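Note sheet for the following structure.
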Amino acid sequence: MPASKVVDIEDCWCPPQWEEVLENIRSMRAARDAPVDSMGAEVFMNDPGATDSKAGRLHVLVSLMLSSQTRDEVNHAAMTRLRQAGLSVQWLRTVPESELAELIKPVGFWRRKAQYLKAAAALLETEFGGDIPGLVSDLCRLPGVGPKMAHLTMNIAWRQVSGIGVDTHVHRIANRLGWVPKPTGTPELTRQALEAWLPRQHWTEINLLLVGLGQQLCTPVAPRCGDCLNRNLCPSAAAPSPTKKPRRR
1 MPASKVVDIE
11 DCWCPPQWEE
21 VLENIRSMRA
31 ARDAPVDSMG
41 AEVFMNDPGA
51 TDSKAGRLHV
61 LVSLMLSSQT
71 RDEVNHAAMT
81 RLRQAGLSVQ
91 WLRTVPESEL
101 AELIKPVGFW
111 RRKAQYLKAA
121 AALLETEFGG
131 DIPGLVSDLC
141 RLPGVGPKMA
151 HLTMNIAWRQ
161 VSGIGVDTHV
171 HRIANRLGWV
181 PKPTGTPELT
191 RQALEAWLPR
201 QHWTEINLLL
211 VGLGQQLCTP
221 VAPRCGDCLN
231 RNLCPSAAAP
241 SPTKKPRRR
């Protein structure tokens, strides 16, 4: 008689009612009117002349490299200045670092990001034929690019699903919703936890859905739980304040 297979319970774990929760999130995001929808990296591949082009892919990568610790409005303004200046791999190679830094200022850590962009452009030119890499492992070789940026770049620029891009919004909301079997301390751990149970066909949409939700409703401070369709399903939803009874005189 063959030995029975031992199955780790965490391998079979998935959050209760997650499909209903996800459908509610889609409904709340149907208008696509969050800052990320009009100013996120996706807009650079939706331009008619940029789709599947080297220029469009580079602009996606640069936008993502600038995005950490930076609001979409600030990032988009910086990208507009870069594009007006002639953003390309060759331009990044020749522009003085000080000038590049001034163009991207005031994105978060703008001086360091200027260094990263210059170094990344050198690698793109010498090792990747002036295009961005098409593998997560190669993208992560670029200075300032980690798993989140790499997976988002693959999804947006190459139209390939390699993993879930988890930023602070996705990390926060996944933990609030109980979409991880136990609290995760970093976005990378959240990515691994989500990919362990969320069906792959949802990986493409989940970042944009949750980022927009995090910008509009499920904010870091004072989330608008009362306006959320998942207020009765979310384990972290704030209870409504009890109505105070008038004091008797």
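Residues in the sequence shown are numbered consecutively from 1, following full-length UniProt numbering. Beta carbons are placed, not taken as given, at the ideal position from N, Cα and C, and that holds for glycine. Since the structure is predicted, the reported quantities are computational estimates derived from the model, not experimental observations.
Give the single residue among 124, 80 and 93 whose Cα lies nearest to the Cα of residue 107.
-> Taking only the C-alpha atoms, the option nearest residue 107 is 80.
Where residue 250 falls: helix, strand or coil (DSSP) = The chain is shown from 1 up to 249; residue 250 falls before or after that span and cannot be answered.
Taking only the alpha-carbon atoms, compute the straight-line gap between residue 103 and residue 78 and give it to the nearest angstrom.
-> About 7 Å.
Express the C-alpha separation of residue 225 and residue 138 in angstroms, rounding to a whole number.
-> Whole-angstrom Cα-Cα distance: 40 Å.
Could you tell me if residue 52 is buried or exposed, where buried requires 16 or more neighbouring beta carbons within 10 angstroms of its beta carbon?
-> Below a pLDDT of 50, predicted positions are generally treated as unreliable, and residue 52, at 49, falls in that range; no measurement from the model is reported.
Helix, strand or coil at residue 42 [DSSP, three-state] | Coil at residue 42, not helix or strand.
Unbroken stretches of the alpha helix (DSSP H), 4 residues or longer, contained in the region 182-233 = Annotation: the region 182-233 contains the following complete segments of the alpha helix (DSSP H) (minimum length 4 residues), in chain order: 187-197 and 203-216.
Would you kindly work out how many angstroms separate the C-alpha atoms of residue 30 and residue 94, rounded to a whole number?
-> Roughly 43 Å separates the two Cα atoms.
If you run the structure through DSSP and keep just helix, strand and coil, what is residue 163?
-> Note: residue 163 maps to coil in three-state DSSP.
Classify residue 138 as helix, strand or coil using the three-state DSSP reduction.
-> Three-state DSSP puts residue 138 in a helix.
Kindly indicate which three-state DSSP category residue 51 falls into: helix, strand or coil?
-> Confidence in residue 51 is poor, its pLDDT being 48 and thus under 50, which makes the residue's placement too unreliable to answer from.
Taking three-plus beta-carbon pairs below 8 Å as touching, is the region 32-47 in contact with the region 200-220?
-> Cβ pair count under 8 Å is three or more, so yes.
When you compare only the Cα positions, how much space is there between residue 25 and residue 198?
-> Cα to Cα, residue 25 sits roughly 15 Å from residue 198.
Could you say if the region 121-139 and the region 176-190 meet the contact criterion of at least three C-beta pairs nearer than 8 Å?
-> Judged by pairs of C-beta atoms under 8 Å, the region 121-139 does not touch the region 176-190, as fewer than three such pairs exist.
Inter-residue spacing [alpha-carbon to alpha-carbon] between residue 122 and residue 144 | Residue 122 and residue 144: Cα-Cα distance of roughly 14 Å.
With DSSP run on the structure shown, which of helix, strand or coil describes residue 72?
-> Looking at residue 72 - three-state DSSP - the assignment turns out to be helix.
Neighbourhood of residue 151 by C-beta, 7 Å cutoff - its chain only, sequence neighbours within 5 removed = Within the same chain, 136, 162, 163, 164 and 165 come within 7 Å of residue 151 by CB-CB distance, once the 5 residues on both sides are set aside.
Are the region 228-239 and the region 13-21 touching by the rule of at least three beta carbon pairs closer than 8 Å?
-> Yes, the region 228-239 is in contact with the region 13-21.
For residue 57 and residue 43, the rounded distance between their alpha carbons | It is roughly 11 Å from the alpha-carbon of residue 43 to the alpha-carbon of residue 57.
Can you tell which of 156, 194 and 141 has its C-alpha closest to the C-alpha of residue 64?
-> Out of 156, 194 and 141, 156 has the C-alpha closest to the C-alpha of residue 64.
Could you tell me the distance, in whole angstroms, from the CA atom of residue 40 to the CA atom of residue 90?
-> Across the structure, residue 40 and residue 90 are spaced so that their CA atoms are roughly 24 Å apart.
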